[in-house]
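S.K.:
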Amino acid sequence: MIAVLLEQALNGLQLGVTLFLLASGLTLVLGIMRLVNLAHGSLYMVGAYIAFTIQSASGSFSLGLLAAAAATALIGAVLERLLFERLYQRGYLEQVIVSFGAVMFLDELVRVLWGPLPLKAPMPEVFDWSVELLPGLLYPTYRLAIIAVGMVVSILLYLLVTHTRIGMMVRAGASDRSMISALGVNIRDLYTAVFAGGAALAAIAGTMAGPIYSVQIGMGESVLVQSLIAIVIGGIGSIRGAAIAAVLVGVSDTIGRVFLPPGIAQITVYVFMAAVLVCRPRGLFPAHV
Amino acid sequence: MSKIPFLRIGPPAIPAFFWAVPLVVVLLAVPFICEALGQPFYLRVASRILIFALAASSLNLVLGFGGMVSLGHAAFVGIGSYVVAVLAWHLSNEVPVLTWPIVIEGTTNAALAWPAAIGASALAAFVVGAISLRTTGLYFIMITLAFAQMIYYYAVSLQQYGGDDGMKMRGRSVLPGLDLANRTTFYYLVLVALLLCIAFLFCLARSRFGLVIRGIRQNETRMRALGIEPYPYQLTCFTISGAMAGFAGVLMANLDTFVSPSDLSMARSDELVAMILLGGVGSLWGPPLGAAFYILAQLGLGNLTTHWPLAFGPALIIVVLFARRGLVGIFGERQR
Amino acid sequence: MSRPALEVEHLNKFFGALKATDDLSLTVEVGELHAIIGPNGAGKSTLISQLSGQLRPTSGHIRFFGEDLSRRSMACRVQRGIVRSFQITSLCREFSTLTNVALAVQARIGHSFHFFRNAEDDPLFTAPAQDALERVGLGHRAHVAAGHLAHGEQRQLELAIALAAKPRLLLLDEPMAGMGLDESMKVVELLLSLKGHYTIVLVEHDMDAVFALADRISVLVYGHCIASGAPERIREDPAVQDAYLGEDEADARSA
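So the protein sequences, as listed, match chains A, B and C. Under the numbering used here, think of the first position of the first sequence as -13, with each following residue one higher. Under the numbering used here, think of the first position of the second sequence as 758, with each following residue one higher. Under the numbering used here, think of the first position of the third sequence as 13, with each following residue one higher.
As structure tokens, this is what we get:
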């Protein structure tokens, strides 16, 4: 029993870490630029496909990871300059539809380039084994590696946001947007950088998910919604809130699926979200005053 | 609620009627035109457009009139569809829907199934609205989206009813006095339903309730200062809209005699928003126009290439970025 | 003397460490025009917001004809008859001037869960609304969209909306803010005509207007009421002169 619980808790943590990688970029885009970007899940997908291709060609998982992060960051920056930059002054409706159009385009582009069938990304050899955590509990080291990478990225992100000048501007922007211009920063570049950074994190999440789940069209949709839930629970614009809520969502979803009857399991996370919002309509850690 | 800069509302001015008369004449003639062309398929497309027009109009009630940006409206449409299909499934498999506390048998009788479906959608909208409307702005958008996904995944988990693949119905609902299996009869039924709903929205927009709802969108603080608490009005608006969406779902299930989780997916919700945005937010004829434009454009591109989304996605983006007022702006519906 | 219309007792409002309202007490008698003055940042608007229910006080009591309303919602207070106008114009900009006022009538008459009958042209609402517009001198602009009115006209519309709600207590937050001299004169005249018929709390910067209009004046400094009384008494009060009047009158003269 304890072994099952531990295994599922670790799986939940791994999902939570993945969600956090998406949610951290998205919550900043929402909090600072006030942009509803439904295409963030597509960046996760695009990252996974690019990594798959590079990894297949070179045989190196880490090269795939780096290339996917860099390429997706570039795609994110282009999307931001080409489309989303025009939408900051417009309503949420237009943002929703423009990003929906971008999702349509990217999904179809992937279908043209890689075909409609799901791909299975190869497990990196270093992690292609399991470790016995408890007597009778073999746990894949790859999942542990994801957790570790997620933790490291989270800590780096935390240091970036709390200890650097750019991080200070981002924090100022998330709690009060007018602050950024008061600091005399080039807002345009800052926005593009935040967007590109978020895209890179999404690509890392997508790449790491590749060997566990399959790489396929629409793979970004369910994680996008789950990370949006994490953002809402954590409070829009709050990285700390996103981190805590992502782990909560990941663990409760995973454990729910194992121990609750189907039908109920699918909705545990949403009930959790509703409960939080009834008590705290602006999330657990509201960044905006 | 979020401020959407370019939203305009329609107490529809005279130009709307100017277009409405010839439009209705053309709509009445569609079955004959399709017959004359020997293309019954077109009649199906026309019915589909009208049903989507109804669904988009229902969303427009919360989104355009009330300023509540709901991203999960397909869920309420889908619930309407599923209730009709599920009741029919239970009839044909001779399994009661419920045995406790009361026995509920399946049915294809429209007089029973349709009100049940509309009621279920209204109830779902009431519950989702009651929770979501406690929040505003971005939170509201995200929460409506999340609840719709919840309902979507719930539908996927219903293995008995086909799960991910959906389920086929044996036929359309039975409505005494009308042969719904006849495609022309069905088309006219859908047309009457749409026109009635638009007439209802027309009255609603200028009623006391409508003025309050539109006032809340423009200036919530002002309405509070007048002694009007927005929440009950917004929730009522959301529920009415959900009921109307459920009705659209009823018709959709009957048109296709098929339901699947994709009927209540996020993409479907986005499509409804896109139709409103294309047609003109907050205007009476905008969403129907947008629905027609959207479906015909999709169909036209689909005939040219299987990779139509490669063109459709960017086209959607360009229209949204540059045609700010939507189609009604072009057709000259002006505001007083 | 009969029961006062409004009693404010030991009201406090803190924003973090900032005391916007500091142990503030004052009373407003029935039928009087009570002006509230004070230097910028004295907490006048914060007080109005707490009286109208937009802000919750941190502690203290607000009694309206004896009923404690300190924790009640804005809507509830409007139903009791406390109606405010906004310092920064707050209108439904797409609606016509008439509809803006008619909504106030509609809200006063009862709930608005009526879904079918056309209310936009219903004389039940438009007739009193038109009256209110005439009263503030906007009768000829009834069918213009509120967003298209000139600034001064929007201020007048604010007043018409407040009047249409049939207030038992009218809270006016700088009704003359941003108006030209002519327009201000009109508003002063209007307020004079309202005086005696309504109980009014007036926040205003224009000292000439305040001393011409007010029955009593309360002076706020740093969220605290330092003096309250008839205009002559306030004019003579050394503490008030010290804190406020001297410099402001000098400002007024040089302007």
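C-beta: ideal position from N, C-alpha, C; glycine also.
(1) L59/C touches chain B at which residues, Cβ-Cβ below 7 Å?
(2) Rank G1070/B, L869/B, M825/B, S815/B by C-alpha distance to the C-alpha of I973/B and give the top, closest one.
(3) Within the continuous alpha helix (DSSP H) that includes I212/C, where are the two ends?
(4) Could you pull the start and end residues of the alpha helix (DSSP H) that I60/C belongs to?
(5) Taking only runs that begin and end inside the segment 765 to 817 of chain B, name each unbroken alpha helix (DSSP H) of 4 or more residues, in chain order.
(6) To the nearest angstrom, report how far apart R67/A and I1074/B are at their CA atoms.
(7) Would you verify that the beta carbon of S930/B is, or is not, closer than 7 Å to some beta carbon of chain C?
(8) L69/A versus chain B: which residues are under 7 Å apart at the beta carbon?
(9) Does A903/B get closer than 7 Å to chain C when you measure Cβ to Cβ?
(10) Can you check DSSP and say which residues form a bridge with N866/B?
(11) Can you confirm whether C954/B, when its beta carbon is compared against all beta carbons of chain C, has any partner nearer than 7 Å?
(12) Quick check: is the beta carbon of P267/A nearer than 7 Å to any beta carbon in chain B?
(13) S102/C versus chain B: which residues are under 9 Å apart at the beta carbon?
(14) Buried or exposed for S317/A, please, with buried defined as at least 16 other CB atoms from any protein chain shown within 10 angstroms of its CB.
(15) I need the straight-line Cα distance from L844/B to G829/B, nearest angstrom please.
(16) M197/C: buried (16+ other C-beta within 10 angstroms of its C-beta) or exposed?
(17) For V213/C versus H46/C, is the C-beta distance shorter than 7 Å?
(18) Give a yes or no on whether the C-beta atoms belonging to Q75/A and L21/A are separated by under 7 Å.
(19) Should D249/C be labelled buried (16 or more other beta-carbon atoms within 10 Å of its own) or exposed?
(20) Just tell me which of F76/C, P69/C, N130/C, V95/C has its CA closest to the CA of R83/C.
(21) In chain order, what residues of the segment 860 to 880 of chain B put their CB closer than 9 Å to some CB of chain C?
(22) What does a CB cutoff of less than 7 Å around I1033/B pick up in its chain, not counting 5 residues either side in sequence?
(23) Here's the rule: buried if 16 or more other CB atoms are within 10 angstroms of the residue's CB, otherwise exposed. What is P1066/B?
(24) By Cβ distance, which residues of its chain are closer than 8 Å to Y990/B, with the 5 residues on each side in sequence left out?
(25) Residues of chain C with CB under 8 Å from S964/B, in chain order?
(26) Would T901/B pass as a contact of S827/B if the rule is Cβ separation under 7 Å?
(27) I'd like the list of long-range same chain contacts for A(-11)/A, defined as Cβ closer than 7 Å, with 5 residues on each side in sequence excluded.
(28) Where does N(-3)/A land, buried or exposed, given buried means 16+ other C-beta within 10 angstroms?
(29) Nearest to D921/B by CA position, among P853/B, P1071/B, Y910/B, is which residue?
(30) Check this for me: beta carbons of V95/C and L145/C, under 7 Å apart or not?
(31) With DSSP as the reference, label P126/A as helix, strand or coil.
(32) Might you give, ordered along the chain, the residues of its own chain that have their beta carbon closer than 8 Å to the beta carbon of V255/A, omitting 5 neighbours on each side?
(33) Is Q118/C close to chain B? Criterion is C-beta to C-beta, closer than 7 Å.
(34) Taking the Cβ atom as the reference point for each residue, do G1036/B and G835/B lie within a distance shorter than 7 Å?
(35) Can you list, in chain order, the residues of its chain with a C-beta nearer than 6 Å to that of R180/C? Leave out the 5 residues immediately preceding and following it.
(36) Alpha carbon to alpha carbon, how far is F775/B from Q91/C? Give it in angstroms, no decimals.
M.R.: A quick look at the data gives this:
(1) Listed along chain B, no residue sits closer than 7 Å to L59/C by beta-carbon distance, the nearest being about 16 Å off.
(2) Of G1070/B, L869/B, M825/B, S815/B, the residue nearest in Cα terms is M825/B.
(3) Looking at the DSSP string, I212/C is not in any alpha helix (DSSP H); the run it does join, the beta strand (DSSP E), is 212 to 215.
(4) Counting along the chain, the unbroken alpha helix (DSSP H) around I60/C starts and ends at 56 to 64.
(5) Fully enclosed alpha helix (DSSP H) runs of 4 or longer: 771 to 794, 797 to 817.
(6) Rounded to the nearest angstrom, the two C-alpha atoms are 14 Å apart.
(7) S930/B does not count as touching chain C.
(8) By Cβ distance, chain B contributes I1074.
(9) Not one chain C Cβ lies under 7 Å of A903/B.
(10) N866/B is bridged to V931/B.
(11) Judged by the 7 Å Cβ criterion, C954/B is not in contact with chain C.
(12) Answer yes: the Cβ-Cβ gap between P267/A and chain B drops below 7 Å somewhere.
(13) For S102/C, the C-beta contacts it makes with chain B under 9 Å involve N976, T978, R979, A982, in order along the chain.
(14) Because residue 317/A is not part of the residues shown, which for chain A are -13 to 275, the question remains open.
(15) Approximately 24 Å between the Cα atoms of the pair.
(16) So M197/C counts as exposed.
(17) By the CB criterion at 7 Å, V213/C and H46/C fall inside the cutoff.
(18) Judged by their CB atoms, Q75/A and L21/A are not nearer to each other than the 7 Å cut-off.
(19) It counts as buried.
(20) Closest option to R83/C, Cα to Cα, is P69/C.
(21) Cβ contacts with chain C come from no residue of the segment 860 to 880 of chain B.
(22) Closer than 7 Å at the Cβ level, and outside the excluded window around I1033/B, lie A813, L816, N817, L820, G821, G1043, P1044, G1047.
(23) With 16 or more other Cβ atoms within 10 Å, it is buried.
(24) Once the five neighbours on either side are set aside, the close Cβ partners of Y990/B are F966, V969, I970, I973.
(25) H126, F127, F128, R129, N130, A131, listed in chain order.
(26) Yes, the Cβ-Cβ distance between T901/B and S827/B is below 7 Å.
(27) Taking C-beta separations shorter than 7 Å and ignoring five residues to either side along the sequence, the partners of A(-11)/A in its chain run L120, G122, L123, following chain order.
(28) Per the 10 Å Cβ criterion, buried.
(29) Here the closest residue by C-alpha is Y910/B.
(30) Contact: no.
(31) P126/A sits in a strand when the DSSP states are folded into three classes.
(32) Answer for V255/A: Q212, I215, V235, S238, D239, G242, listed in chain order.
(33) Yes, because at least one Cβ of chain B sits closer than 7 Å to the Cβ of Q118/C.
(34) Cβ distance not < 7 Å, so G1036/B and G835/B don't count as in contact.
(35) Excluding five sequence positions before and after R180/C, the CB atoms of its chain that fall closer than 6 Å to its own CB belong to G93, given in chain order.
(36) Going by the C-alpha atoms only, they are around 43 Å apart.
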